[in-house]
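Since the structure comes first, as C-alpha cells, the remarks are kept for the end.
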Amino acid sequence: MKTPLLEFTSKGIYCSIAKVYLDPWKPVDKAIISHGHADHSRWGHKAYITHHRNVPIILHRLGEINVSGKEWGETFFINNVKFSLHPAGHIIGSSQIRVEHKGEVWVFTGDYKVQDDGISTPYEPIKCNTFITECTFGLPAFKWVAQKEVFENINRWWSENKSEGKTSILFGYSLGKAQRLLKYLETDIGKIYTHGAIENMTQVLRPLIDFPKTTLITRDTKKEELLGNIVLAPPSAHGSTWIRKMVPYVTASASGWMTFRGARRRRAIDKGFVLSDHCDWQGLLNSIEATGAEKIICTHGYTEIFSRYLQEQGYDARTEETQYEGELNELNPTSKEEVEA
Amino acid sequence: MKNFAQLIKTLDSTNKTTTKVQALANYFSVATDKDKVWTIAILSHRRPPRPVNTTLLRKWASELANIPLWLFEESYHIVGDLAETIALVVPATKSSTEKTLTQFLEEMIALKKKTDEQKKAYLFENWKILDYYERFVFTKLITGGFRIGVSQKLMTRALAKSTAIDQDILAYKLMGNWNPDKITFQQLILEENESDYLSKPYPFYLAYPIENEIANLGDINLWSAEHKWDGIRSQTIIRNNELFIWSRGEELVTDKYPEFQALVDTIPNGTVIDAEILPFPNGQIGTFNDLQSRIGRKTISKNLLQKVPVILKAYDLLEWKGEDIRNRPFSYRRDLLEKVVKSAALNVLQLSKTMYCNSWEEVAKEREQSREVHSEGLMLKRKDSPYLVGRKKGDWWKWKVDPLTIDGVLTYAMRGHGRRSNLFTDYTFALWKENEKGEKELVTFAKAYSGLTDAEFRKIDNWIKKNTLERFGPVRSVTPHHVFEIAFEGIALSSRHKSGVATRFPRILRWRKDKSIHEANSISDLKQMII
Ligand SMILES: [Zn+2]
Ligand SMILES: [Zn+2]
Chain A
-9 MKTPLLEFTS KGIYCSIAKV YLDPWKPVDK AIISHGHADH SRWGHKAYIT HHRNVPIILH
51 RLGEINVSGK EWGETFFINN VKFSLHPAGH IIGSSQIRVE HKGEVWVFTG DYKVQDDGIS
111 TPYEPIKCNT FITECTFGLP AFKWVAQKEV FENINRWWSE NKSEGKTSIL FGYSLGKAQR
171 LLKYLETDIG KIYTHGAIEN MTQVLRPLID FPKTTLITRD TKKEELLGNI VLAPPSAHGS
231 TWIRKMVPYV TASASGWMTF RGARRRRAID KGFVLSDHCD WQGLLNSIEA TGAEKIICTH
291 GYTEIFSRYL QEQGYDARTE ETQYEGELNE LNPTSKEEVE A
Chain B
110 MKNFAQLIKT LDSTNKTTTK VQALANYFSV ATDKDKVWTI AILSHRRPPR PVNTTLLRKW
170 ASELANIPLW LFEESYHIVG DLAETIALVV PATKSSTEKT LTQFLEEMIA LKKKTDEQKK
230 AYLFENWKIL DYYERFVFTK LITGGFRIGV SQKLMTRALA KSTAIDQDIL AYKLMGNWNP
290 DKITFQQLIL EENESDYLSK PYPFYLAYPI ENEIANLGDI NLWSAEHKWD GIRSQTIIRN
350 NELFIWSRGE ELVTDKYPEF QALVDTIPNG TVIDAEILPF PNGQIGTFND LQSRIGRKTI
410 SKNLLQKVPV ILKAYDLLEW KGEDIRNRPF SYRRDLLEKV VKSAALNVLQ LSKTMYCNSW
470 EEVAKEREQS REVHSEGLML KRKDSPYLVG RKKGDWWKWK VDPLTIDGVL TYAMRGHGRR
530 SNLFTDYTFA LWKENEKGEK ELVTFAKAYS GLTDAEFRKI DNWIKKNTLE RFGPVRSVTP
590 HHVFEIAFEG IALSSRHKSG VATRFPRILR WRKDKSIHEA NSISDLKQMI I
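Chains as they are written, first to last, in my numbering: chain A, -9 to 331; chain B, 110 to 640.
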C-alpha cells in the first residue's frame, strides 16, 4: 500500500515526501502553520511557513523564529509537492493548507468558520480528495446566528450596564475573539479598556486592521474611571484580584459554548453571548460538501459523533487523534499564553 | 407565554437571590391572575401530568430536526437536559404566538387524552411558532422539572413582596393539594383565613462546621454535646389542637408523617419543638437510605408506614405555653424539653440525649462512635446560647466525622456535561474481589465526577482517549491503571449494587499516582467498614 500524502504521526500531521509537518505539536525541522493559536503554532521548530498576516502574530507569540510569509493562493514546491495557503476565516491570517502531489489533493483546515466576521479574510471552499477538518462544534445543537445580531445584543448589554453605573467586563480569547469583539463595540457608548494580553496582541494587529481606540488598564487606572465603560479581558482573568478590584461590574463571555445554559452558570458569569470562530453544525456540513472530497478526516472536537454521522451520509470518514484543543481554551484558559499574559 | 418565558430566562440567568425575587415580584404584578396561579403551581412542582412520554418526544424532535435518533441521543447526553436539547436541535424560528401560559397548559391537559398522531401534530405546530427560549420553556412544561433555583421560599418571598402578605402565611396557603386548573388567585392567595397564622414556624438556627482545634472552645463545662442526627431537620408545632411539621427547607410536610398526629393529644397547645425526623425500622435508628423511601412519596401506604416508621429526635424547645422562649439559655430550654418529652411518653418522640463529658478528649471519643449510631457527628452548643436565626458562628458548631476512604481503580469513563462535555470526567471505580476460581477481578463499586482539578481532569481525559478498551455508546472502558482515593459519607449493604454495597456521596479525594492497581482495596475491605 502506498504511503498516504499526509500521515498522522506522534509529532503532527506529516508529509513524508516533502518532509514537512502541518501544525506539529512537537519540535520539527520544517512546519507549515495554519494560524497563530497556541495549540496550532508551537515553539521550537527550525523553520516556519505561514500566511504573511500571521507572521507578526507568531513573531509576537514565539519571539525570534525563522519564518517566511506567503500570499493567499501562492504556490510553493517542496520536493515536488505543491503547497498553497487559502483563507480559513477563523482569525486574522488563518489559513487552510492545500497539499498536492501527482494530481492528488489534500486540504487541512486548521480551525475555520464560514461566517464572514469582517476582519479575517473570508473562508473559501477548496476542491480536494481528502479533507482534514476540525469539528469543535460538530453537534446539531450548535447553530450560530448572524454576528450583527450578537453585537447588537452585546452593545445593548453594555448600555444597560452603563445606565446602572456598572463596569462591563467582556471575556474573549486574547488572539482572535478579542479583536472581533473590539471591532464591533459601539464607541458612542463609552471607552474601551483592555487587559495587557489583549492590548499587546491588538497593537500587533493594528497595522493590518482598523480598530477603535483602546486604553490599557495599568496600576494607575482608577476604578471610578472604568464605570460605565467596557473592559476586554482574556478568560483567564475571570475571578482574579485584577477583576475583583473593579466592583461594581457585570461579566459576560462570548463563546460557542455559551449555547449551553449550564456553561455560563458553571463559570459564574452573568451573561453569555453565543459567538464562535469555529463552524457550527450546518457550517461544517456545507463546507465538507463544497470541497467535493470523498475522504474526510476529523481532528478535534466531537470527532467520533461527527465522523459517524458523515459515514451514514456516505462519506469515507474517520477520526485521527491530534493535540489540538478546539475552543476549549475559552473555558479552561490554562494555555501557556494566557497564563503568562 | 412571552412573559413567562422571559421570567424563566431571568431566573435562569442570575445567581443572585435579590434579582430572582425582584423578577418574580415584577412578574406577579403584571401577569393575569390565571397565569399567576399556574406559575405558582409550576414553580412548586404542581405541573399537570406529562401529556407525552419522553421516548416519543425524542423520536419526534429528531424527526423535525432531520437527524438520526442516535445523534439526538448523543446530543442529549452532552447537553444534559432534554427540553434544552430539543429546543436547540429543531429548526430555529422567530416567535409568532400570543398564546398565554394558561392557554398552553390547558392545551397540554387536553393533549394527554389525544392520539399519538394528534400529539405529534401539536408539538410540531408549536415548536415551529416559538423562539428558542420559548421553545425550551414549552418543552420543559411537557417534560417537567424546572431546575432554576427557585425554592418555595424564594417564591413566597416574591409573592409577599407583590401582595404584602406575610411569607409564612403564604407558605401555609400554598401547602397541600390544590388544583391550579380549578382554584382562583383570590381563593389561593388573597382570601384571609384565621388558621393561616397558626402554622407559623420560627426560622431555623444553623451551625457552621468547626474551624479550629476543639480545645480552643474553652471550658468544657460551658458546652453541651449531642449527636448530629442524619435525617430531616424539622420544626414541630402544636397550636389550637393542630399539628404542623416544617422541614428545614421551610416546607410543610405534616401530611407525609401521619405517625406524628399522636403528638396533638399529648402535648399542650403553644409548643414548638426543634427535632430531627429519623427512620426507625425494626425499633432502631436507620440510615438516610431508609428515609429516602418516605421523602419522595406523595401518599404514604400502610405498607411503607410499617416498613419505615419514623420518629422525632428532639433537640430544642422554641415555644412553650404560647411563649417564644428562644432568648432563654439553651440549658433552660433543654430542661423544659426533657420534661415535655418525658411527660408525653410517646414512642415517636424521643430526646436527642446530651453527653456528659469531663474533657474535650472524651467528646472526641464520643465523636468516633457516631457512625455506629448512624449519626453524622456531633453538635456542640454553648449552654448559655440563645436560639439564633439562620447560620451563625460562635455559639453552635457542627463537628462531623471524617469521611470514609478507600482506594479504587478507574475502570470506566464517560463525558461530562456542559463545559466538561469535551472531557471524560465521569468515572466509575472498581475494587478487587475473588471469584469462584479464586482469581482476583475488579468489581464496580462507585461512580464519582468531582474532586479533581481541571488540570488533572484534562490529563486523565487525554490518557483515557489513548487507553480505551471498548466503547459502549458514550461510555468507554479503560485499561485498569490509575488508582484514586475515594471518599464517602456513609455505607450500607445493598442488593441493587453489583458490589453488594451502596456508598453515600462518593467523590474523588485524590489521585494516588504512587499506587499501582494491585495496591487498590478490595470489596471485603469495603464491607468491613459497614457497621
Ligand atoms: Zn484556533
Ligand atoms: Zn484548533
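Note that beta-carbon positions come from the ideal geometry of N, C-alpha and C, so glycine has one too.
Under a Cβ-count criterion, where at least 16 other Cβ atoms within 10 Å of its own Cβ denotes burial, should residue i be classed as buried or exposed?
i        : result
A/Arg88  : buried
B/Ala316 : buried
B/Pro289 : buried
B/Thr562 : exposed
A/Trp33  : exposed
B/Asn162 : exposed
B/Glu243 : buried
B/Ala324 : exposed
A/Gly180 : buried
B/Ala454 : exposed
B/Gln637 : exposed
B/Glu548 : exposed
A/Lys156 : buried
B/Thr293 : exposed
A/Pro112 : exposed
B/Glu183 : buried
On the three-state DSSP scale, how would you describe residue i?
i        : result
A/Met248 : helix
A/Asn186 : Per the sequence shown, residue 186 of chain A should be read as Gly rather than Asn. Here A/Gly186 sits in helix by DSSP.
B/Met523 : strand
B/Trp541 : strand
A/Ile39  : strand
B/Leu387 : strand
B/Gln478 : coil
B/Leu414 : helix
A/Val240 : strand
A/Asp260 : coil
Among the options, whose alpha-carbon lies nearest the alpha-carbon of residue i?
i        : options                                   : result
B/Leu307 : B/Ile323, B/Lys282 and B/Leu299           : B/Lys282
B/Ile404 : B/Thr363, B/Gly431 and B/Arg585           : B/Thr363
A/Asn276 : A/Lys36, A/Thr205, A/Asp107 and A/Cys125  : A/Cys125
B/Tyr311 : B/Lys208, B/Thr577, B/Glu428 and B/Lys556 : B/Glu428
A/Thr177 : A/Glu189, A/Phe201, A/Gly155 and A/Gly162 : A/Phe201
A/Val95  : A/Glu114, A/Gln193, A/Glu294 and A/Cys118 : A/Cys118
A/Ala8   : A/Lys1, A/Leu(-4) and A/Asp270            : A/Leu(-4)
A/Leu216 : A/Thr205, A/Gln313 and A/Leu265           : A/Thr205
B/Gln261 : B/His154, B/His336 and B/Lys411           : B/His154
B/Ile319 : B/Ala596, B/Val510, B/Phe593 and B/Pro589 : B/Val510
A/Phe161 : A/Ser230, A/Ser297 and A/Tyr305           : A/Ser230
A/Leu49  : A/Phe66, A/Ala258 and A/His25             : A/His25
Among all the DSSP beta bridges, which residues are the ones paired with residue i?
i        : result
B/His690 : Missing from the structure shown is residue 690 of chain B; chain B here goes from 110 to 640 and no further.
A/His27  : DSSP output for A/His27 lists no bridge partner at all.
B/Leu315 : B/Arg500
A/Val140 : In DSSP, A/Val140 forms no bridge with anything.
B/Lys509 : B/Gly486
A/Cys288 : A/Thr123 and A/Thr309
A/Tyr11  : A/Tyr4 and A/Ala21
B/Gln459 : B/Lys422
A/Ser74  : A/Arg88
A/Tyr113 : For A/Tyr113, which the question treats as bridged, DSSP gives no partner whatsoever.
Beta carbon of residue i: closer than 7 Å to some heavy atom of ligand 2?
i        : result
A/Asp29  : yes
B/Asp142 : no
A/Tyr163 : no
A/Glu310 : no
A/Asp270 : no
A/Tyr314 : yes
B/Asp225 : no
A/Asp101 : yes
Return yes when the C-beta of residue i is under 7 Å from any heavy atom of ligand 1, and no when it is not.
i        : result
A/His290 : no
A/His25  : yes
A/His80  : yes
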